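Visitor: Chains as they are written, first to last, in the working numbering: chain Z, 1 to 282; chain P, 1 to 282.
Right under this line is the structure:
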């Protein structure tokens, strides 16, 4: 199997490692605008060959793992070039804009819109892991727009990497993911900012911070180059979640201000319900 | 060594396990208002004997690990009862109110105000772990108010449990800890609330939530009985952190609303600095 991966960072690199493990005969070609990362990817044996965007004509599978703002143009270009039997899939955190941009492409049936819910706060080829996608959910959007044969090929790859599949409408995907992913990142980035602003003496933060703080602020280490375009593309949904989050925080603040600690208790008790829901994913 | 532990939950229970490992000859007496937890603590061999508050007269060391709203009364009562050579220490997340309440107690020199920065989102004796305090920071307040001999005894215990010690003024403690602990809990509780309110279909949350969300919302599983009194006692500092956090979130929201994604990027890049600071604690 000949696989071309465009964007050989955490996600593209983890696909490389996972696919190589599952399909030992694979030949992986890497493409990246960042030459340093590309060379590192070869040094780390993520990829076998340096490729070019134009070179995707020879690929059986093309994986596009680039920031969501450039994904529509890159996938369009790739679809323009690939053969009729090639599968192209992406891994972006927003789906509506991309699906819309590709809706009328003559090779739309070669494309599978995917979002593997997997990642870490690190980025670049060094952060890649062969089992990143194991036991993770992969959301597929508009599956009916992909040809049967290529759906099958995609599912085979996802299955061998240990993913479970969920099918969703792109707009529903973007709305839901704003709550369970995009908002978490903003809450974490702003928590990091608030503490950094206050605690000028860094030694003090380090000494007083426990695992609870580390856990809550972990996502503030994430890549701005990846996240700024996500917030831009999912602007409406992200603003809605942010408004609700800020309203809930303000309400909680008012309860404390008014010494209504019975209700402070009840609010937390209700939020405790998240326990039952998250069982098994952390 | 005879140790009495008042409050045999996550913290008290972890002291029991840790101390038993470090001092094999210890005899541990447990006291708790929750009879079920007390019996469970004996069943789990956290404690050897059921005790009473009045029985602390025979203790060499008394550990008070109760919610911060009842701590001042409990520690006062314990100090009233203990012998001149007994060490009493607490483990509460707020220090100013407790230190003030005990300032004029005739046995103030028997008391050591401590806050081990350790815990998990779970509670009760089942959640106790022998190594909970290993490599964790223990903040000691007003150390000069404790007798030399009992400082030494406390430090011996903390050292054997693997803690590193930091000395702080109680007010500075409460101010700093509001940022690196109390605010994280509120941000997490409210994140949990926001998502729960929105996602009525629980299956969807489970499927779409990745490890990032789980990490950010982890603290929303924490015990309301422990946290409501903490927010109450540290009200002024907590309100200050909340105001700053809400202001930062609102500012970030405005940047998105105004399509200033260059500044959204820069904000996240600055928050990335948390990486270097947290190195080693998560």
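Where a beta carbon is used, it is the ideal one built from N, C-alpha and C, also for glycine.
Everything numeric in this text was worked out from a predicted model, so none of it was measured.
#1: Report the three-state DSSP secondary structure of residue 27 of chain Z (helix, strand or coil).
#2: At a CB-CB cut-off below 9 Å, which residues of chain B make contact with residue 232 of chain Z?
#3: Say whether the stretch 230-242 of chain Z touches the stretch 164-182 of chain P, bearing in mind that this needs 3 or more beta-carbon pairs closer than 8 Å, one atom from each stretch.
#4: Taking just the CA atoms, how far does residue 55 of chain P sit from residue 112 of chain P?
#5: From what residue to what residue does the alpha helix (DSSP H) around residue 38 of chain Z run?
#6: The stretch 209-230 of chain P: which residues have C-beta closer than 9 Å to a C-beta of chain Z, in chain order?
#7: Between residue 134 of chain Z and chain P, is the shortest Cβ-Cβ distance under 9 Å, so that the two count as touching?
#8: So, are the CB atoms of residue 28 of chain P and residue 47 of chain P less than 9 Å apart?
#9: Is it right to say residue 174 of chain Z is buried, meaning 16 or more other beta carbons lie within 10 angstroms of its own, or is it exposed?
#10: Please list, in chain order, the chain Z residues whose beta carbon lies closer than 8 Å to that of residue 105 of chain P.
#11: Below 8 Å on C-beta distance, what does residue 189 of chain Z contact in chain P?
#12: Closest Cβ-Cβ distance between residue 195 of chain P and chain Z: below 9 Å?
#13: When you compare the CB of residue 81 of chain Z with every CB in chain P, is at least one pair closer than 9 Å?
#14: Give me the Cα-Cα distance between residue 172 of chain Z and residue 262 of chain P, rounded to the nearest whole angstrom.
#15: In or out: residue 186 of chain P buried (at least 16 other Cβ within 10 Å) or exposed?
#16: On a Cα-Cα basis, can you pick out the residue from Z/188, Z/204, Z/199 that is closest to residue 168 of chain P?
#17: Could you tell me which uninterrupted beta strand (DSSP E) segments, each at least 3 residues in length, are contained entirely in the stretch 128-183 of chain P, listed from first to last along the chain?
#18: Between residue 273 of chain P and residue 140 of chain Z, what straight-line distance do the alpha-carbon atoms span, to the nearest angstrom?
#19: Are at least three pairs of beta-carbons, each pair with one atom in the stretch 177-185 of chain P and one in the stretch 99-116 of chain Z, less than 8 Å apart?
#20: Compute the Euclidean distance between the alpha carbons of residue 16 of chain Z and residue 4 of chain Z, then round it to the nearest angstrom.
#21: Could you tell me which of Z/41, Z/123, Z/225 sits nearest to residue 67 of chain Z, measuring between CA atoms?
#22: Would residue 158 of chain Z and residue 114 of chain Z qualify as a contact pair, given that the criterion is a beta-carbon distance under 9 Å?
#23: Less than 7 Å between C-beta atoms, sequence neighbours within five positions excluded: which residues of the same chain meet that for residue 268 of chain P?
#24: Shorter than 9 Å from the beta carbon of residue 120 of chain Z to some beta carbon of chain P?
#25: Suppose the cutoff is 6 Å on Cβ atoms and the five residues either side in sequence are ignored; what does the same chain contact list for residue 132 of chain P look like?
#26: Is DSSP giving residue 114 of chain P helix, strand or coil here?
#27: Whose CA, out of Z/2, Z/64, Z/250, Z/129, lies closest to the CA of residue 49 of chain Z?
#28: Which residues does DSSP list as the beta-bridge partners of residue 87 of chain Z?
#29: Starting from the beta carbon of residue 160 of chain P, find every residue of chain Z whose beta carbon is closer than 7 Å, and list them in chain order.
#30: Just mark residue 336 of chain P as buried or exposed, buried being the case when its beta carbon has 16 or more other beta carbons within 10 Å.
#31: On the criterion of 16 or more Cβ atoms from any shown chain inside 10 Å, does residue 271 of chain P qualify as buried, or is it exposed?
#32: By the three-class DSSP mapping on this structure, what secondary structure does residue 2 of chain P have?
#33: Tell me, to the nearest whole angstrom, how far the beta carbon of residue 61 of chain P is from that of residue 75 of chain P; I am working on the premise that it is less than 8 Å.
#34: Can you give me the Cβ contacts of residue 82 of chain P inside the same chain, cut-off strictly under 8 Å, excluding the 5 residues immediately before and after it?
#35: If you reduce the DSSP assignment to three classes, tell me which class residue 261 of chain Z lands in.
#36: Nearest CA to the CA of residue 125 of chain P: which residue from P/145, P/24, P/36?
Guide: The structure says:
#1: The residue given as residue 27 of chain Z occupies position 27 in the first chain. Note: residue 27 of chain Z maps to strand in three-state DSSP.
#2: Given the protein chain composition of this structure (Z and P), no chain B is represented.
#3: Too few Cβ pairs lie closer than 8 Å, so no.
#4: Position 112 of the second chain holds residue 112 of chain P. Position 55 of the second chain holds residue 55 of chain P. Rounded to whole angstroms, the separation of the alpha carbons of residue 55 of chain P and residue 112 of chain P is 20 Å.
#5: Indexing the first chain from 1 puts residue 38 of chain Z at position 38. Unbroken alpha helix (DSSP H) run through residue 38 of chain Z: 35-43.
#6: For the stretch 209-230 of chain P, the set of positions with a beta-carbon nearer than 9 Å to some beta-carbon of chain Z reads 209, 210, 211, 212, 213, 214, 215, 216, 217, 218, 219, 220, 221, 222, 223, 224, 225, 227, 228, 229 in chain order.
#7: Residue numbering aside, residue 134 of chain Z sits at position 134 when the first chain is read from its first letter. No, residue 134 of chain Z lies away from the interface with chain P (no Cβ there is under 9 Å from its Cβ).
#8: Working through the second chain from its first residue, we reach residue 28 of chain P at position 28. Working through the second chain from its first residue, we reach residue 47 of chain P at position 47. Yes, they are a contact pair.
#9: Counting from one through the first chain, the residue named residue 174 of chain Z turns up at place 174. Buried, because 16 or more other Cβ atoms sit within 10 Å of the Cβ of residue 174 of chain Z.
#10: Residue numbering aside, residue 105 of chain P sits at position 105 when the second chain is read from its first letter. Chain Z residues near residue 105 of chain P: none, gap ~26 Å exceeds 8 Å.
#11: Within the first chain, numbered from 1, the residue matching residue 189 of chain Z stands at position 189. Within 8 Å Cβ-Cβ: 252, 267, 268, 271.
#12: In the second chain, residue 195 of chain P corresponds to position 195, counting from 1. Contacts with chain Z at 9 Å (Cβ-Cβ) include residue 195 of chain P.
#13: In the first chain, the residue the question calls residue 81 of chain Z occupies position 81. Residue 81 of chain Z has a beta carbon lying at 9 Å or more from every beta carbon in chain P.
#14: Counting from one through the first chain, the residue named residue 172 of chain Z turns up at place 172. Counting from one through the second chain, the residue named residue 262 of chain P turns up at place 262. The alpha-carbon of residue 172 of chain Z is positioned some 27 Å away from that of residue 262 of chain P.
#15: Residue 186 of chain P sits at position 186 when you count from the first residue of the second chain. By the 16-neighbour rule on beta-carbons within 10 angstroms, residue 186 of chain P is buried.
#16: Counted from its first residue, the second chain places residue 168 of chain P at position 168. For residue 168 of chain P, the closest alpha carbon among the candidates Z/188, Z/204, Z/199 is that of Z/204.
#17: As far as the stretch 128-183 of chain P is concerned, its whole beta strand (DSSP E) runs of at least 3 residues are 137-141, 164-168.
#18: Here residue 273 of chain P is taken as the residue at index 273 of the second chain, counted from 1. Here residue 140 of chain Z is taken as the residue at index 140 of the first chain, counted from 1. Here the alpha carbons of residue 140 of chain Z and residue 273 of chain P stand approximately 34 Å from one another.
#19: Contact fails between the stretch 177-185 of chain P and the stretch 99-116 of chain Z, because fewer than three Cβ pairs, one in each stretch, are under 8 Å apart.
#20: For this step, residue 16 of chain Z is matched to residue 16 along the first chain. For this step, residue 4 of chain Z is matched to residue 4 along the first chain. If you take the alpha carbons of residue 16 of chain Z and residue 4 of chain Z, they lie about 9 Å apart.
#21: Counting from 1 along the first chain, the entry for residue 67 of chain Z is found at position 67. It is Z/225 whose Cα lies nearest to the Cα of residue 67 of chain Z.
#22: As a first step, residue 158 of chain Z is located in the first chain; it is residue number 158 there, counting from the start. As a first step, residue 114 of chain Z is located in the first chain; it is residue number 114 there, counting from the start. In this structure, residue 114 of chain Z lies closer than 9 Å to residue 158 of chain Z by Cβ.
#23: Here residue 268 of chain P corresponds to residue number 268 of the second chain, with the count starting at 1. Excluding sequence neighbours, residue 268 of chain P sits near nothing in its chain.
#24: Locating residue 120 of chain Z in the first chain gives position 120, counting from the first residue. It does; some Cβ of chain P falls within 9 Å.
#25: On the second chain, position 132 is the one that residue 132 of chain P refers to. Excluding sequence neighbours, residue 132 of chain P sits near 14, 118.
#26: Within the second chain, the letter at position 114 stands for residue 114 of chain P. Strand.
#27: For this step, residue 49 of chain Z is matched to residue 49 along the first chain. It is Z/2.
#28: Translated into the one-based positions of the first chain, residue 87 of chain Z becomes position 87. According to DSSP, residue 87 of chain Z bridges with Z/61.
#29: The count along the second chain starts at 1 and reaches residue 160 of chain P at position 160. Per Cβ cutoff of 7 Å: no residues; residue 160 of chain P is ~20 Å from chain Z at best.
#30: Residue numbering for chain P in the displayed model covers 1 to 282; residue 336 of chain P lies beyond these limits and cannot be assessed.
#31: Stepping through the second chain from its first residue, residue 271 of chain P is reached at position 271. Counting Cβ neighbours within 10 Å, residue 271 of chain P comes out buried, since at least 16 surround it.
#32: Numbered from 1 along the second chain, position 2 holds the residue referred to as residue 2 of chain P. In the three-state scheme derived from DSSP, where H, G and I count as helix and E and B as strand, residue 2 of chain P is classed as strand.
#33: Here the question's residue 61 of chain P lines up with position 61 in the second chain. Here the question's residue 75 of chain P lines up with position 75 in the second chain. The pair is not a contact, with the Cβ atoms about 13 Å apart (cut-off 8 Å).
#34: As a working note, residue 82 of chain P is residue 82 in the second chain. These residues qualify, in order along the chain: 56, 57, 59, 62, 88, 107, 110.
#35: Along the first chain, one-based indexing puts residue 261 of chain Z at 261. In the displayed model, residue 261 of chain Z falls within a helix according to three-state DSSP.
#36: Position 125 of the second chain holds residue 125 of chain P. The option with the nearest alpha carbon to residue 125 of chain P is P/36.
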